[in-house]
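Enquirer: Okay, handing you the structure first.
There are 2 protein chains.
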Amino acid sequence: MHKHDVDTPALLLDLDAVETNIRTMAEFLAGKPASLRPHFKTPKCPEVARRQLEAGAIGITVAKLGEAEVLADAGLGPILMANEVVGPQKIDRLMALLSRGVDITVAVESAFNIQELADGAKRSGQRPAAIIEVDSGMHRCGTAEPRETVELARALVDAGIEYRGIMGYEGHAVLIADEEERREKTEAALAIVQEHVEALAEAGLPAGIVSVGGTGSHEIAATHPHVTELQAGSYVFMDGRYQEVLPRRFQGALTLLTTVLSVRDRYAVADAGMKSLTNEFGPPFSVDGGVKVARLSEEHATLTGEGIASLRPGDRIEVVPSHGDTTLNLHDRYHVVRGDEVVDEWPILAARKFK
Amino acid sequence: MHKHDVDTPALLLDLDAVETNIRTMAEFLAGKPASLRPHFKTPKCPEVARRQLEAGAIGITVAKLGEAEVLADAGLGPILMANEVVGPQKIDRLMALLSRGVDITVAVESAFNIQELADGAKRSGQRPAAIIEVDSGMHRCGTAEPRETVELARALVDAGIEYRGIMGYEGHAVLIADEEERREKTEAALAIVQEHVEALAEAGLPAGIVSVGGTGSHEIAATHPHVTELQAGSYVFMDGRYQEVLPRRFQGALTLLTTVLSVRDRYAVADAGMKSLTNEFGPPFSVDGGVKVARLSEEHATLTGEGIASLRPGDRIEVVPSHGDTTLNLHDRYHVVRGDEVVDEWPILAARKFK
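Quick mapping for you: the protein sequence lines, in order, are chains A and B. In terms of my numbering, the first sequence opens at residue 24 and continues consecutively. In terms of my numbering, the second sequence opens at residue 24 and continues consecutively.
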C-alpha cells in the first residue's frame, strides 16, 4: 500500500531512518565509557525498543510504570524508571512487576518515598532496587546536595532496598540550540552529578549506575569519566525541534500524514489539529515546499504560503511534528514505511498508559 | 471509594455539576426558537450524550467520523458532523454508517467533496445527507459568499444528495472575555449566516437546518430568528478558560487529580505533565488555594506559591484543566464523583478515535 492511501490523520514512521539512527548511535558509543539505556517515552513501542536492544543497548529507560508494564509484557528490559513511584496504588503496581521477575530500578529522592517502598516490600515479600535522583540544575525532582544523596543512599541500604546508584537528567540543557552554550550547561550539570558520585564513594556507598544524558547532550556525556549510561531517547525519531538543535547526526523519522479539506484564496485547511499534533514547541514543520502551518485548532491545521496555490481538496501532505514525544502520545499506531510503501503497522502500546 | 484513592494522574468528573449544567441549558432554551444539538467533542462519552438527549437535545454534533462511530455503536443520534468528510477511506466509512441506518448529516464546502459523496453514494447505494458550511468570519473551512453556497446547494440536489441546510461556527467569537465585544462579533457572524439563509430561500433552496453557536455565544444565537439549532458543547464541563469567559451560568465539572512527587524549598512537583494535561490555553488553574502550576514538562507539573509549604510527597491535589477538550482527549476514562465519593467510571471512547 502507498503511504498516501492511509486514512488521516496518521503517523508515518520511516523505518530506514529509524534503523540508521539506531546504528549511528551504536557506532558512536562503541568504545566509549558510557552505555545506552534509551528512553522508551519516545517510541512507546516494543518493536523499536527491541531493535535498540539488539544493537547493544543495555536496557530501557522509562518515565512511568505504564511504560514499564508494556515493556514487561513484551519481555524487554532491564528497566530503569527515571522517575519516582509515589502513592500506594503505584507501589503495589511496582511490587506486582517485581513478583513477575521483572528487573526494574526506580528513582527515589525523599525519605517518605523510601519508607513507602520499604513498606511495600514488607507487604509483598519483594526486594525493590533504586537509584537516587539528583537535581543537576533542571530544578524538577532530585536531591539538592551531596549530603542529602548520601543520607538517602544510607536509608535505602538500611531499609533493605537494593541501592544501585544515581541519576541526574540535564533537561534544561538538551534543547539549547547554541552548541557552545549547550556544552557549558551540560558540563556544569555533569560536574554536579560528579560531586554526588564522589561523596557517595567517600561514604562507602559507590554508585554502580550513573545515568544521565539526553539526545542533545549525549556527545558530551558519553565521555564523562563518571557516567555509566545514557538515557537519550529522541535520537531514534528526531522530531522537528531536535532537528534544529542537532541537525547532523540523526535523521527525522516521524511525520504526520494529513488530508486537505478546504482550499481558499489565502489559506487552505487540513485535517491535523491539536488532537493529532501538539504545538507546545511551536507549529509543526512542513515537508512540502511552500506550505506552512499558520494555526492549529482542535481538528484543523490552517495552511498558508505560496504552496497552497497548487493544493486541491483531497490532497495528502506530510508535516513534521515539532514535538514528537507528545504527538505520538495522541496516536495508537505507527504506519511503518520504507520509501513510499507501507510495510507494517506497530501499535503505540504505551500511549494509553498515562499513569 | 474516596476520590483520593484513585491512581494518578486521573480525570475526575463531578456528576452533580454535569447534571446541573445539562438542566440549566435545557431550562434556558425552553421556549426559545433554537434547539440544542450539543457537541460530542467535549464529553466524547456516550453516558454524557445520553443525559443530554434525555434533557431534550435534538441530536448530537460531532467533529469527525470516529466520534460518529462511537455514537452509532451506542445507538445515539441523530448525528450532525460539523466538518467535511474528505478522502476515499472516510467516504467509505460514512457509507458504512448509512448502511447501518445511522441518521448522519455531514458538512460540505467544495464541489470536489460533493462529487466524492456522489461517487460514494453510487458505489454503496446509500443516500448521504449534507449541509453547507459557511465561513461566518472564523476563516477556516466554509463558503465565502452566498452565491457559492447557493451553487453548492444546487450541486447537492443535482447529485441526488439530501440537502438539509447550512452551518456556520463563530469560533473566533466564543472565547472573547469581554462580553460586549463577544456579542458584537457573534452578531456579525450571525448576520453573515443570515445572508446565506436568505440567498438560499430566494433561490428556492430553503435551509431546513441552520446550525451555529458555541458555549460562549449560545445566549445570543439562541434567539436569532434564522437559527434552528446550537452546537454548544463545552457548557457541560466548563473548563478553566471558559469559566473565565462565562463565569455565571455553568459549573466546572472536570479536574485532574495528581500526586505530589517531590517537595523542595521553592517548588514542589506533581505527576501531571503535558501527557495528561494540555496547556495551549495556558497553565492549568489550581483548586487548592496558594498553589499554582508554574510549568509543565512531559510527566511533571512544577508547583509554586505559598501553598507548597504545607505539601508533602504523596499528597493528592486537584487542578482545573485550562482546556478540557484536549485534556480529556489524552485520557481513557472519567472517574465519576459525587462530592468526594467515586460512584462510577465512564470510558472516554472517542478519545482513541482520532480520525
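Ideal placement from N, C-alpha and C gives every residue a C-beta, glycine not left out.
Tell me the residue span of the beta strand (DSSP E) that contains residue 105 of chain A.
Expert: Here residue 105 of chain A refers to the residue found at position 82 of the first sequence. Run containing residue 105 of chain A: 102-107, per the beta strand (DSSP E) assignment.
Enquirer: Just checking: is the beta-carbon of residue 106 of chain B within a distance shorter than 9 Å of some beta-carbon in chain A?
Expert: Here residue 106 of chain B refers to the residue found at position 83 when the second sequence is read from its first residue. Against chain A, the CB of residue 106 of chain B has a partner CB under 9 Å away; the residue lies at that interface.
Enquirer: Reducing DSSP to helix, strand and coil, say where residue 118 of chain A ends up.
Expert: Working through the first sequence from its first residue, we reach residue 118 of chain A at position 95. DSSP places residue 118 of chain A in helix when its eight states are reduced to three.
Enquirer: Look up residue 313 of chain B in the DSSP assignment and say whether it is helix, strand or coil.
Expert: Counted from its first residue, the second sequence places residue 313 of chain B at position 290. Coil.
Enquirer: Would you say residue 44 of chain A lies against chain B (beta-carbon separation less than 9 Å)?
Expert: Against the first sequence, residue 44 of chain A aligns to sequence position 21. So, not an interface residue.
Enquirer: For the stretch 312-326 of chain B, enumerate the residues whose C-beta is nearer than 9 Å to any C-beta of chain A, in chain order.
Expert: Under the 9 Å Cβ criterion, the stretch 312-326 of chain B contributes 318, 319, 320, 321, 322, 323 and 325.
Enquirer: Determine which residues of the stretch 332-358 of chain B have a Cβ less than 9 Å from any Cβ of chain A, and write them out in chain order.
Expert: 335, 336, 337, 339, 346, 348, 349, 352, 353, 354 and 355
Enquirer: DSSP state of residue 24 of chain B, grouped into three classes?
Expert: Reading the second sequence from its first residue, position 1 is the one you call residue 24 of chain B. Of the three classes helix, strand and coil, the one that applies to residue 24 of chain B here is coil, per DSSP.
Enquirer: Residue 253 of chain A and residue 74 of chain A: beta carbons closer than 9 Å?
Expert: Start at 1 with the first residue of the first sequence, and residue 253 of chain A comes out as number 230. Start at 1 with the first residue of the first sequence, and residue 74 of chain A comes out as number 51. No, these two residues do not count as a Cβ contact at 9 Å.
Enquirer: Using 9 Å as the threshold, is the C-beta distance between residue 315 of chain B and residue 306 of chain B below it?
Expert: Residue 315 of chain B sits at position 292 when you count from the first residue of the second sequence. Residue 306 of chain B sits at position 283 when you count from the first residue of the second sequence. The answer is yes: Cβ separation under 9 Å.
Enquirer: In the DSSP assignment, find the beta strand (DSSP E) that holds residue 292 of chain B and state where it starts and stops.
Expert: The residue you call residue 292 of chain B lines up with position 269 of the second sequence. Residues 291-293.
Enquirer: Establish whether the CB of residue 288 of chain B and some CB of chain A are separated by less than 9 Å.
Expert: Within the second sequence, numbered from 1, the residue matching residue 288 of chain B stands at position 265. So yes, residue 288 of chain B belongs to the interface.
Enquirer: Would you mind telling me which residues of chain B sit closer than 7 Å to residue 68 of chain A, beta carbon to beta carbon, in chain order?
Expert: Residue mapping note: residue 68 of chain A aligns to position 45 of the first sequence, counting from 1. Per Cβ cutoff of 7 Å: no residues; residue 68 of chain A is ~15 Å from chain B at best.
Enquirer: Quick one, which of A:243, A:144, A:50 and A:167 has its alpha-carbon nearest residue 12 of chain A's?
Expert: Residue numbering for chain A in the displayed model covers 24 to 378; residue 12 of chain A lies beyond these limits and cannot be assessed.
Enquirer: From what residue to what residue does the alpha helix (DSSP H) around residue 96 of chain A run?
Expert: Your numbering for residue 96 of chain A matches position 73 in the first sequence. Element bounds for residue 96 of chain A: 88-96.
Enquirer: To the nearest angstrom, how far is it from the Cα of residue 157 of chain B to the Cα of residue 184 of chain B?
Expert: Here the question's residue 157 of chain B lines up with position 134 in the second sequence. Here the question's residue 184 of chain B lines up with position 161 in the second sequence. Distance between the alpha carbons of residue 157 of chain B and residue 184 of chain B is about 18 Å.
Enquirer: If you draw a straight line from the C-alpha of residue 46 of chain B to the C-alpha of residue 241 of chain B, how long is it?
Expert: For the purposes of this step, residue 46 of chain B is taken as residue 23 along the second sequence, with counting starting at 1. For the purposes of this step, residue 241 of chain B is taken as residue 218 along the second sequence, with counting starting at 1. Residue 46 of chain B and residue 241 of chain B: Cα-Cα distance of roughly 15 Å.
Enquirer: Alpha carbon to alpha carbon, how far is residue 143 of chain A from residue 270 of chain B? Give it in angstroms, no decimals.
Expert: Locating residue 270 of chain B in the second sequence gives position 247, counting from the first residue. Locating residue 143 of chain A in the first sequence gives position 120, counting from the first residue. Spanning the two alpha carbons is a distance of roughly 45 Å.
Enquirer: In the DSSP assignment, what residue or residues form a beta bridge with residue 156 of chain A?
Expert: For this step, residue 156 of chain A is matched to residue 133 along the first sequence. DSSP lists A:190 as partners of residue 156 of chain A.
Enquirer: Consider the Cβ of residue 24 of chain B: report whether some Cβ of chain A lies at a distance smaller than 9 Å.
Expert: The residue given as residue 24 of chain B occupies position 1 in the second sequence. Not closer than 9 Å to any Cβ of chain A, the Cβ of residue 24 of chain B fails to qualify, so no.
Enquirer: Taking 8 Å as the cut-off, does the stretch 347-363 of chain B touch the stretch 318-335 of chain B (at least 3 CB pairs, one atom from each stretch)?
Expert: no
Enquirer: Does the CB of residue 257 of chain B have a neighbour CB from chain A at under 9 Å?
Expert: Looking up residue 257 of chain B in the second sequence gives position 234. With 9 Å as the cut-off, residue 257 of chain B does not count as an interface residue toward chain A.
Enquirer: Mind checking whether residue 213 of chain A and residue 268 of chain A have CB atoms under 9 Å apart?
Expert: Here the question's residue 213 of chain A lines up with position 190 in the first sequence. Here the question's residue 268 of chain A lines up with position 245 in the first sequence. Not in contact: residue 213 of chain A and residue 268 of chain A (Cβ atoms no closer than 9 Å).
Enquirer: Check each candidate in B:175, B:131, B:340 and B:42 and name the one with the smallest Cα separation from residue 78 of chain B.
Expert: Looking up residue 78 of chain B in the second sequence gives position 55. Of the listed residues, the one whose Cα sits closest to residue 78 of chain B is B:42.
Enquirer: Any beta-carbon of chain B closer than 9 Å to the one on residue 194 of chain A?
Expert: Walking along the first sequence from the start, residue 194 of chain A turns up at place 171. Answer yes: the Cβ-Cβ gap between residue 194 of chain A and chain B drops below 9 Å somewhere.
Enquirer: Nearest-angstrom Cα distance between residue 264 of chain B and residue 120 of chain B?
Expert: Residue numbering aside, residue 264 of chain B sits at position 241 when the second sequence is read from its first letter. Residue numbering aside, residue 120 of chain B sits at position 97 when the second sequence is read from its first letter. Rounded to the nearest angstrom, the two C-alpha atoms are 35 Å apart.
Enquirer: Within the same chain, show all residues whose beta-carbon is closer than 8 Å to that of residue 338 of chain B, passing over the 5 residues directly before and after it, in chain order.
Expert: Taking the first residue of the second sequence as 1, we reach residue 338 of chain B at position 315. Around residue 338 of chain B: 282 and 283.
Enquirer: Compare the Cα-Cα distances from residue 170 of chain B to each of B:259, B:133 and B:111 and report the closest residue.
Expert: Here the question's residue 170 of chain B lines up with position 147 in the second sequence. Residue B:133 is the option with its Cα nearest to residue 170 of chain B.
Enquirer: Output the boundary residues of the beta strand (DSSP E) element that contains residue 357 of chain B.
Expert: In the second sequence, counting from the first residue as 1, residue 357 of chain B sits at position 334. 356-361 is the span of the beta strand (DSSP E), which, as asked, contains residue 357 of chain B.
Enquirer: With 9 Å as the threshold, decide whether the Cβ of residue 112 of chain B is near any Cβ in chain A.
Expert: Stepping through the second sequence from its first residue, residue 112 of chain B is reached at position 89. It does: the Cβ of residue 112 of chain B has a partner Cβ on chain A nearer than 9 Å.
Enquirer: Can residue 380 of chain B and residue 105 of chain B be called in contact, C-beta distance under 9 Å?
Expert: Since the first residue of chain B shown is 24 and the last is 378, residue 380 of chain B is not available in this structure.
Enquirer: Please identify the residue among B:81, B:29, B:342 and B:154 whose C-alpha is closest to the C-alpha of residue 52 of chain B.
Expert: On the second sequence, residue 52 of chain B is found 29 positions in, with the first residue counted as 1. Out of B:81, B:29, B:342 and B:154, B:81 has the C-alpha closest to the C-alpha of residue 52 of chain B.
Enquirer: If residue 275 of chain A sits next to residue 343 of chain A, beta carbons under 8 Å apart, how far is it from one beta carbon to the other, in whole angstroms?
Expert: Residue 275 of chain A sits at position 252 when you count from the first residue of the first sequence. Residue 343 of chain A sits at position 320 when you count from the first residue of the first sequence. Right, their Cβ atoms sit about 6 Å apart.
Enquirer: Report the residue ranges of all beta strand (DSSP E) runs contained in full by the stretch 256-337 of chain B; include only those spanning at least 3 residues, in chain order.
Expert: 277-286, 291-293, 315-319 and 324-327
Enquirer: DSSP state of residue 342 of chain B, grouped into three classes?
Expert: Along the second sequence, one-based indexing puts residue 342 of chain B at 319. Strand at residue 342 of chain B.
Enquirer: Tell me which residue opens and which closes the alpha helix (DSSP H) that residue 169 of chain A is part of.
Expert: In the first sequence, counting from the first residue as 1, residue 169 of chain A sits at position 146. Residue 169 of chain A -> alpha helix (DSSP H) spans 169-181.
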